[in-house]
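Residue 35 in UniProt numbering sits at position 35 of the sequence shown, with consecutive numbering throughout.
Glycine included, every Cβ here is placed at the ideal spot set by N, Cα and C.
Below is one structure; the comments refer to it alone.
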Amino acid sequence: MSYQSIALVGAGGKMGMRISDNLAQSSLQVHYCENAPEAQQRVRDAGRSVTAVEEIIEQCDLVILAVPDIVLGKVSEQLVPRMKAGATLLTLDPAAAYAGLLHQRGEIHYAVAHPCHPSVFLERYTEAEHADAFGGVAATQSVAAAFEAGDESEKAALAEVIRVMYAPVDEVHWVTVTQLAYLEPTLVETVTCMVGTFMKEALEETVSRSGVSREAAEAMLYGHIQIALAVAFRSSNPFSDACMVAIDYGRENILKDDWKKIFDQQELDRVIARMLKIDRVRRDEDSPALGSA
Ligand SMILES: NC(=O)c1ccc[n+]([C@@H]2O[C@H](COP(=O)([O-])OP(=O)(O)OC[C@H]3O[C@@H](n4cnc5c(N)ncnc54)[C@H](O)[C@@H]3O)[C@@H](O)[C@H]2O)c1
1 MSYQSIALVG AGGKMGMRIS DNLAQSSLQV HYCENAPEAQ QRVRDAGRSV
51 TAVEEIIEQC DLVILAVPDI VLGKVSEQLV PRMKAGATLL TLDPAAAYAG
101 LLHQRGEIHY AVAHPCHPSV FLERYTEAEH ADAFGGVAAT QSVAAAFEAG
151 DESEKAALAE VIRVMYAPVD EVHWVTVTQL AYLEPTLVET VTCMVGTFMK
201 EALEETVSRS GVSREAAEAM LYGHIQIALA VAFRSSNPFS DACMVAIDYG
251 RENILKDDWK KIFDQQELDR VIARMLKIDR VRRDEDSPAL GSA
């Protein structure tokens, strides 16, 4: 099988524009749908025409929802009943699918595909690769995707589209929706993005408390981010004994003893409910927890 006709809803938003730029270069038939006037203008300025989703949704065999997570429930309620039987609904983040917000219909397949972004260990050769921090332009990235009801041929067909949307792509990693939610938010937002903002705060504190120049502090920090990642993840050479003492001191003073509770599924439910601005997630209580999926 292959997806012949695609509707991209939210085509003028941040992700919509990024993936449109790649889809437009392929032979796939894509309809660009967008409802905000200024975002419609962005679509037109990029040389694409805007189509009203109501006009084409019944013919499309793949509908990509690139709308904000907090409106995915409402938008899926409006669109899913009008989709062609057997078509696939693709969202770009696991939160709404995990929380049970997507309108359900037996004849529709549901999938999620989230870009991993180019790895910090990626070997980059060109200026364009170096400039492409987000991915989808020149630097190769992987994609984590869930298509739990999809069989091998449906997954292969969806992977073809995913590889175009987020190109250049090396691997599409198939996981469950719950596993995808453990990847994002838990691993990469709750921990990794938090640590990024934490390092920035530590930089500001160093500059204001010690009087060291910003240039010196940035040079020291950026070089050590690189070496800390290389040693921790690639064991390129060990941390020194004195550094290990400082690491232990940092863990004792900065981390809470019970920080790993963020991997409890009730905590995942809590952070996702907070992100989606809802009281609680409506997930199947039997959905597999981390480690048993
Ligand atoms: N921004 C990122 O870095 C990023 C990364 C990975 C995944 N995502 C996911 O991508 C999705 C979109 O996020 P975004 O950051 O691009 O959002 P955004 O706010 O930049 O864009 C959303 C677009 O959807 C449009 N829209 C809203 N309701 C619509 C409707 N009913 N019909 C047509 N268009 C409609 C809006 O006008 C807007 O242009 C979310 O699920 C998000 O989690 C975002």
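Contact between V143 and Y166 holds, since their C-beta atoms are separated by about 5 Å, short of 8 Å.
If you look at Y110, you'll find it in the beta strand (DSSP E) that goes H109 to P115. When DSSP states are grouped into helix, strand and coil, E171 belongs to the strand group. For ligand 1, no non-hydrogen atom lies closer than 6 Å to the CB of D257. In this chain, the alpha helix (DSSP H) harbouring L221 covers R214 to R234. Secondary structure remark: continuous alpha helix (DSSP H) runs of at least 4 residues inside the UniProt domain "KARI N-terminal Rossmann" (4 to 91), in chain order: 14 to 23, 37 to 45, 53 to 56 and 72 to 79.
Nearest C-alpha to A85 among Y110, R214, A145 and V50: Y110. A contact is defined here as three or more CB-CB pairs under 8 Å, and the region 101 to 118 fails this definition with respect to the region 208 to 222. If you check the CB distance, L102 and S119 do not come in under 7 Å.
Straight through space, the alpha carbons of D269 and N237 are spaced by roughly 39 Å.
The beta-carbon separation of V175 and L28, rounded to 24 Å, does not stay under the 8 Å limit for a contact. Taking a contact to require three or more Cβ pairs closer than 8 Å, the region 44 to 51 and the region 18 to 35 qualify as touching. Contact between the region 85 to 96 and the region 55 to 67 is present: three or more C-beta pairs spanning the two stretches fall below 8 Å.
With a threshold of 16 other beta carbon atoms within 10 Å, F147 meets it and is buried.
Between R274 and Y182, the alpha-carbon positions lie close to 15 Å from each other. Sequence-distant partners of Y98 (beyond 5 residues in either direction) whose C-beta falls short of 7 Å from its own C-beta, in its chain, are V177, T178, A181, I272, V281 and R283. About 5 Å separates the beta carbon of A157 from that of S2, a gap short enough to meet the 8 Å contact definition.
For ligand 1, the residues with a Cβ under 5 Å from any of its heavy atoms are, in chain order, V9, G10, G12, G13, K14, M15, E34, N35, A36, A39, A66, V67, P68, D69, V75, L92 and D93.
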